[in-house]
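Chains as they are written, first to last, in our numbering: chain A, 4 to 206; chain B, 351 to 777.
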């Protein structure tokens with residue numbers, strides 16, 4: 004490289020350095036939400052789907068629930084309760100609970116009660132009793148179904164970083180508690196292990 | 351129009367003399383190096399915002415920082431977010447602070463990647479040209495402040511996530527990156543408080559114990575350690591702690607008892623200064639910063655319902671900052687040396703191009719004149735995290751925080767069986 008070029012390169016490098024900082028994303032396309040993309044090393048929507056699918060399938064195929072109730076008998080009523088986040092990431096546990104609730108409903112083996120809707124339902128009772136609604140058709144408090152089973156859970160993680168490799172391990176444990184007896188009707192876990200190679204240098 | 355070429359051919363030819371070309375080249379080089387580096391630095395530009403912040407005039411501090419955000423170069427964005435997050439935190443705008451600090455955290459992760467073009471530019475200019483990435487302890491402080499924000503918001507699970515993040519990051523720095531750091535006592539202590547609030551006694555004891563091991567001066571805060579050692583059946587630990595602290599009362603909490611933990615963020619974090627004593631304009635060949643304390647940290651007393659306790663220092667950032675910067679000095683010196691070599695190479699190029707040894711030397715002096723230590727740092731951080739704790743009956747209480755010249759009062763509601771956290775900024 005001749006001297007002139009060397010000097011020019013140096014000046015260009017100095018000018019470029021003034022633009023040091025993060026780059027913004029400016030273009031985007033729609034993607035299939037079922038496609039597995041690992042763009043980052045954080046808990047992602049695919050992990051959410053894997054956990055919900057495993058829990059719903061495991062529960063629906065467990066000995067106690069594998070057979071649908073006899074004709075005329077009600078479906079077991081399940082409330083997906085508190086799922087704890089014991090990881091070192093901010094994870095939307097309400098979203099995970101909703102995903103599990105949806106997957107359970109889709110098995111057709113359970114009737115679900117939505118904890119988050121209770122306040123709205125209470126307000127709806129008040130409205131229906133206010134006189135605006137046909138009194139013969141208006142619903143009133145006192146007839147809600149009693150929950151048979153309460154689902155709880157805990158999501159834990161272990162993160163290991165060695166050199167440029169990062170290993171992330173998640174373990175979701177879910178439990179179904181029989182509300183009448185307080186006994187454990189079912190429990191299972193889903194493990195997810197992911198490996199990432201960290202980028203250390205960019206232009 | 352046809353006579354244009356003729357006119358052009360008749361026009362006097364402007365041909366630069368070789369001497370003018372040489373000086374022009376040198377002038378360009380000086381403009382390029384100095385011009386880009388001479389924009390006033392972040393610390394100077396935000397002095398007014400900082401003075402408003404230290405006077406507890408948070409609306410003005412935020413307005414000044416918002417104004418700065420529109421003008422500031424990208425390389426200072428992280429500092430702006432950090433300062434803004436801290437001001438919002440001090441102002442008690444916990445929710446807003448979590449959002450801004452989360453942005454700072456994301457940006458900090460993005461900036462962790464080394465940019466080749468940026469490094470090349472820095473070699474020929476100075477460290478101030480680099481996007482500010484934050485010292486290691488500053489990155490950890492994001493999570494500490496977030497944990498306090500979430501604790502104030504009553505989002506204990508999120509607060510614990512941040513505490514775990516601090517501990518994990520430090521563990522990685524110590525074991526994987528072989529850095530001479532130790533865990534942060536304030537993060538471990540806060541973890542103890544949050545676990546105790548959730549009635550996870552074992553985890554709470556482990557974190558309190560770790561905080562105590564890291565900072566043995568926490569004698570005033572040893573009560574929960576004794577109480578939980580007894581409660582969790584850790585006989586050996588209880589025996590040893592009882593012998594060491596025979597006078598510390600640690601009766602079991604009754605179901606109606608609540609607790610209050612007051613976290614005082616006291617004083618001003620240390621500031622970076624040039625290590626050399628020559629404060630002239632010309633740059634030294636090697637320029638590295640050092641941390642200097644900004645005054646002493648005032649003693650703070652906290653009183654509730656007639657009980658008065660002196661707040662105990664759990665973590666001193668002055669000490670932590672020094673350790674973290676010292677670890678980086680070696681790498682900083684190596685980079686500066688590489689920069690000096692690169693500048694010498696460019697100067698030699700100028701000398702060869704212009705066939706003038708003198709201009710080569712002058713080019714080196716011009717390039718080196720831009721060499722300045724990077725004195726940017728997160729100046730709105732406190733110098734210390736201090737803690738005072740109380741056992742209180744449930745209900746509303748008035749907390750008096752007495753820092754010299756600036757007493758403040760705060761209302762808190764204590765719930766039975768729970769540990770309430772109150773965060774107070776004191777300057």
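Ideal placement from N, C-alpha and C gives every residue a C-beta, glycine not left out.
Predicted model only: the values in this text are computed from it and were never measured.
Opposing strand residues paired with residue i [DSSP bridges]
{"i": "residue 760(B)", "result": "749(B)"}
{"i": "residue 739(B)", "result": "611(B)"}
{"i": "residue 156(A)", "result": "86(A) and 177(A)"}
{"i": "residue 163(A)", "result": "170(A)"}
{"i": "residue 94(A)", "result": "In DSSP, residue 94(A) forms no bridge with anything."}
{"i": "residue 400(B)", "result": "Paired residue(s): none; residue 400(B) is not in a bridge."}
{"i": "residue 81(A)", "result": "115(A) and 152(A)"}
{"i": "residue 72(A)", "result": "None; residue 72(A) has no bridge partner."}
{"i": "residue 548(B)", "result": "None; residue 548(B) has no bridge partner."}
{"i": "residue 770(B)", "result": "610(B)"}
{"i": "residue 189(A)", "result": "179(A)"}
{"i": "residue 653(B)", "result": "658(B) and 750(B)"}
{"i": "residue 663(B)", "result": "736(B)"}
Contact check, residue i vs residue j, beta carbons under 7 angstroms
{"i": "residue 742(B)", "j": "residue 760(B)", "result": "no"}
{"i": "residue 88(A)", "j": "residue 550(B)", "result": "no"}
{"i": "residue 3(A)", "j": "residue 178(A)", "result": "Outside the shown range of chain A (4 to 206) lies residue 3(A), about which nothing can therefore be said."}
{"i": "residue 591(B)", "j": "residue 764(B)", "result": "no"}
{"i": "residue 511(B)", "j": "residue 93(A)", "result": "yes"}
{"i": "residue 587(B)", "j": "residue 544(B)", "result": "no"}
{"i": "residue 561(B)", "j": "residue 539(B)", "result": "yes"}
{"i": "residue 55(A)", "j": "residue 106(A)", "result": "yes"}
{"i": "residue 557(B)", "j": "residue 570(B)", "result": "no"}
{"i": "residue 667(B)", "j": "residue 579(B)", "result": "no"}
{"i": "residue 526(B)", "j": "residue 164(A)", "result": "yes"}
{"i": "residue 455(B)", "j": "residue 492(B)", "result": "yes"}
{"i": "residue 437(B)", "j": "residue 411(B)", "result": "yes"}
{"i": "residue 535(B)", "j": "residue 488(B)", "result": "no"}
{"i": "residue 641(B)", "j": "residue 618(B)", "result": "no"}
{"i": "residue 657(B)", "j": "residue 740(B)", "result": "yes"}
{"i": "residue 131(A)", "j": "residue 141(A)", "result": "yes"}
{"i": "residue 777(B)", "j": "residue 443(B)", "result": "no"}
Closest Cα partner of residue i within the set the options
{"i": "residue 623(B)", "options": "599(B), 506(B), 727(B) and 740(B)", "result": "727(B)"}
{"i": "residue 182(A)", "options": "78(A), 152(A) and 172(A)", "result": "152(A)"}
{"i": "residue 84(A)", "options": "69(A), 123(A), 74(A) and 115(A)", "result": "115(A)"}
{"i": "residue 344(B)", "options": "648(B), 625(B), 670(B) and 751(B)", "result": "Nothing can be reported for residue 344(B): it is not among the residues displayed for chain B, which extend from 351 to 777."}
{"i": "residue 175(A)", "options": "36(A), 59(A) and 38(A)", "result": "59(A)"}
{"i": "residue 498(B)", "options": "484(B), 605(B), 612(B) and 519(B)", "result": "612(B)"}
{"i": "residue 158(A)", "options": "195(A), 138(A) and 126(A)", "result": "195(A)"}
{"i": "residue 754(B)", "options": "669(B), 600(B) and 775(B)", "result": "775(B)"}
{"i": "residue 64(A)", "options": "133(A), 75(A), 110(A) and 198(A)", "result": "110(A)"}
{"i": "residue 678(B)", "options": "583(B), 552(B) and 483(B)", "result": "483(B)"}
{"i": "residue 614(B)", "options": "430(B), 752(B), 514(B) and 533(B)", "result": "752(B)"}
{"i": "residue 574(B)", "options": "750(B), 393(B) and 554(B)", "result": "554(B)"}
{"i": "residue 167(A)", "options": "200(A), 138(A), 136(A) and 150(A)", "result": "200(A)"}
{"i": "residue 479(B)", "options": "451(B), 744(B), 669(B) and 426(B)", "result": "426(B)"}
{"i": "residue 118(A)", "options": "130(A), 150(A), 136(A) and 131(A)", "result": "150(A)"}
{"i": "residue 694(B)", "options": "706(B), 710(B) and 704(B)", "result": "710(B)"}
{"i": "residue 462(B)", "options": "567(B), 448(B), 485(B) and 394(B)", "result": "485(B)"}
{"i": "residue 36(A)", "options": "44(A), 70(A), 48(A) and 43(A)", "result": "48(A)"}
Chain-ordered neighbours of residue i on chain B, where CB pairs are closer than 7 angstroms
{"i": "residue 91(A)", "result": "511, 514, 515 and 518"}
7 angstroms Cβ cut-off: residues of chain A touching residue i
{"i": "residue 546(B)", "result": "Here the premise fails: no neighbours, minimum Cβ distance about 16 angstroms."}
{"i": "residue 529(B)", "result": "Here the premise fails: no neighbours, minimum Cβ distance about 13 angstroms."}
{"i": "residue 556(B)", "result": "Ordered by position in chain A, no residue passes the 7 angstroms Cβ test against residue 556(B), which lies about 14 angstroms from the chain."}
Residue i: contacting residues in chain B (beta-carbon distance under 9 angstroms)
{"i": "residue 165(A)", "result": "526"}
{"i": "residue 88(A)", "result": "507, 508, 510 and 511"}
{"i": "residue 162(A)", "result": "518 and 522"}
Integer-rounded CB distance, given that residue j should sit under 8 angstroms from residue i
{"i": "residue 495(B)", "j": "residue 435(B)", "result": "7 angstroms"}
{"i": "residue 730(B)", "j": "residue 433(B)", "result": "5 angstroms"}
{"i": "residue 664(B)", "j": "residue 737(B)", "result": "5 angstroms"}
{"i": "residue 128(A)", "j": "residue 143(A)", "result": "6 angstroms"}
{"i": "residue 53(A)", "j": "residue 193(A)", "result": "7 angstroms"}
{"i": "residue 430(B)", "j": "residue 418(B)", "result": "6 angstroms"}
{"i": "residue 597(B)", "j": "residue 766(B)", "result": "About 27 angstroms separates the two Cβ atoms, so there is no contact after all."}
{"i": "residue 155(A)", "j": "residue 86(A)", "result": "7 angstroms"}
{"i": "residue 660(B)", "j": "residue 648(B)", "result": "Not a contact, Cβ separation roughly 11 angstroms."}
{"i": "residue 585(B)", "j": "residue 620(B)", "result": "Contact flag wrong, Cβ pair sits at about 43 angstroms."}
{"i": "residue 749(B)", "j": "residue 654(B)", "result": "5 angstroms"}
{"i": "residue 440(B)", "j": "residue 408(B)", "result": "6 angstroms"}
8 angstroms Cβ cut-off: residues of chain E touching residue i
{"i": "residue 420(B)", "result": "Considering every chain present, this structure includes no chain E. Its protein chains are A and B."}
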